[in-house]
DNA sequence: CGACTTTTTGAGTATACACTCCATTTTGGA
DNA sequence: TCCAAAATGGAGTGTATACTCAAAAAGTCG
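Chains as they are written, first to last, in the working numbering: chain D, -13 to 170; chain F, -13 to 170.
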């Protein structure tokens, strides 16, 4: 772990390089060599700070998963539109992290700890969407709210992934259309 | 290429092993060693039939992409429900191929020929969905039909991927809910 | 400054990968 | 039955990967 100033700076450079590479080409692109080259660092320095490559990847993936959620403080008051807007803003304003979020969920082998973390986070997200739907009376029962929330989030993730594959795809427009369809 | 009977059988065994491995763990799991072991074959035999591992993977991925579509003959007469039912049947009845379809689209590096093929196929699929929506007057204009179709297919793919990550997820129920939401 | 710790370098290791080569066996038509 | 072509087994090749190590350099703080 980093203790000196210079070590902390190196840690940041490594995490930044890892984030960029994950965003650009998923796990396959984030080799140790590529990370070290982009960070301007040698393998020995990397392993002075991180115990393994996986640790660095996990940290970046964790940031991405966190960043998908808008301030958890507001949970319990926001509207469905607020939540969808927050997701759109996340994708538009932090495309690198957004790409990491999708690439990692998808690239990493199943039954992996990252996959489990992703799923755990997903169900919490569904809960939050479902609560907002209930508050706005878009739906009668708790169970239907959860189903509707799963479908909406499935659509948002599906559309975001579509955008990862084809960057000219207009994610914002389609995401707005998806939520508008819920509101009736 | 296989010319003798025994060679053709070997080819089938290799393709079957590749399909299973891709379904189970994506590209990472489909190593040459794993494929050969499962097929009960040595590397030399593999390369007597396929010029590269990529060729075998491409062939299986191609099958999966084809299999997503119901009979192209019917194109032009089927309803939106027919199309969604066909996708649900594909996922439920051929889960291996369905998993390959999603894993491959997602695992393979971007700008890859498989990704391009996947996207080309996707826009054709969107067209078909959009036409069905127009026929049923679910939508006023061609442009809105395409948008609505992209959202519905995004949701279906997103939900199917959710099921890949968590096999206990009820894909059929959510897919039906998604299409019901379109029909109003 | 001086002593101690952290950081860096860069060559080196072990392993897994796709793929090759060729002697040997099997196939199937004449 | 014979034989050329095809298929097979299995050791071997080159390369990329994650990771290690020890010596040297640089940072921290009394």
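Beta carbons: idealized from backbone N, C-alpha and C, even for Gly.
The model shown is predicted, which means the values in this text are computed figures rather than measured ones.
Using the Cα positions of residue i and residue j, report the straight-line distance between them to the nearest angstrom.
i: residue -8 (chain D); j: residue 134 (chain F); result: 52 Å
i: residue 19 (chain D); j: residue 43 (chain D); result: 14 Å
i: residue 100 (chain F); j: residue 126 (chain F); result: 34 Å
i: residue 56 (chain F); j: residue 75 (chain F); result: 10 Å
i: residue 21 (chain F); j: residue -2 (chain F); result: 12 Å
i: residue 142 (chain D); j: residue 164 (chain D); result: 8 Å
i: residue 166 (chain D); j: residue 168 (chain F); result: 11 Å
i: residue 46 (chain D); j: residue 67 (chain D); result: 28 Å
i: residue 128 (chain F); j: residue 63 (chain F); result: 17 Å
i: residue 194 (chain F); j: residue 11 (chain D); result: What the structure shows of chain F is the stretch from -13 to 170, and residue 194 (chain F) is not part of that stretch, so it cannot be assessed.
i: residue 106 (chain F); j: residue 123 (chain F); result: 26 Å
i: residue 73 (chain F); j: residue 73 (chain D); result: 27 Å
i: residue 61 (chain F); j: residue 162 (chain F); result: 21 Å
i: residue 110 (chain F); j: residue 148 (chain F); result: 23 Å
i: residue 33 (chain F); j: residue 93 (chain F); result: 24 Å
i: residue 48 (chain F); j: residue 29 (chain D); result: 40 Å
i: residue -6 (chain F); j: residue 112 (chain F); result: 36 Å
i: residue 31 (chain F); j: residue 79 (chain F); result: 32 Å
i: residue -10 (chain F); j: residue 102 (chain D); result: 47 Å
i: residue 130 (chain D); j: residue 59 (chain F); result: 37 Å
i: residue 98 (chain F); j: residue 98 (chain D); result: 25 Å
Going by C-alpha to C-alpha distance, which of the options sits closest to residue i?
i: residue 120 (chain F); options: F:149, F:151, F:65, F:110; result: F:65
i: residue 16 (chain F); options: F:158, F:76, F:0; result: F:0
i: residue 77 (chain D); options: D:146, D:40, D:159; result: D:146
i: residue 40 (chain D); options: D:13, D:69, D:24; result: D:13
i: residue 158 (chain D); options: D:167, D:70, D:129, D:104; result: D:70
i: residue 153 (chain D); options: D:9, D:35, D:-11; result: D:9
i: residue 24 (chain F); options: F:-4, F:50, F:35; result: F:-4
i: residue 151 (chain F); options: D:104, D:156, D:148; result: D:104
i: residue 171 (chain F); options: F:53, F:92, F:106; result: Beyond the ends of chain F as shown, which are -13 and 170, falls residue 171 (chain F); an answer cannot be given.
i: residue 91 (chain D); options: D:51, D:-11, D:156; result: D:51
i: residue -12 (chain D); options: D:27, D:35, D:132, D:28; result: D:35
i: residue 156 (chain F); options: D:132, D:156, D:98; result: D:132
My understanding is that residue i touches residue j, with C-beta atoms under 8 Å, so please give their C-beta distance in whole angstroms.
i: residue 140 (chain F); j: residue 108 (chain D); result: Wrong, their Cβ atoms sit about 16 Å apart, outside the cutoff.
i: residue 144 (chain F); j: residue 26 (chain D); result: Not confirmed; about 38 Å, so no contact.
* Does the pairing of the segment -4 to 6 of chain F with the segment 82 to 96 of chain F give three or more beta-carbon distances under 8 Å? -> yes
* **the segment 128 to 144 of chain F touching the segment 101 to 120 of chain F, judged by at least three CB pairs closer than 8 Å** => yes
* **Every unbroken beta strand (DSSP E) within the segment 32 to 118 of chain F, with a cutoff of 3 residues, ordered by chain** => none
* Curious, which full-length alpha helix (DSSP H) runs of at least 4 residues does the segment 118 to 159 of chain D contain? -> 128 to 151
* 4-residue-minimum alpha helix (DSSP H) runs that sit fully inside the segment -2 to 37 of chain D, ordered along the chain -> 18 to 25, 29 to 35
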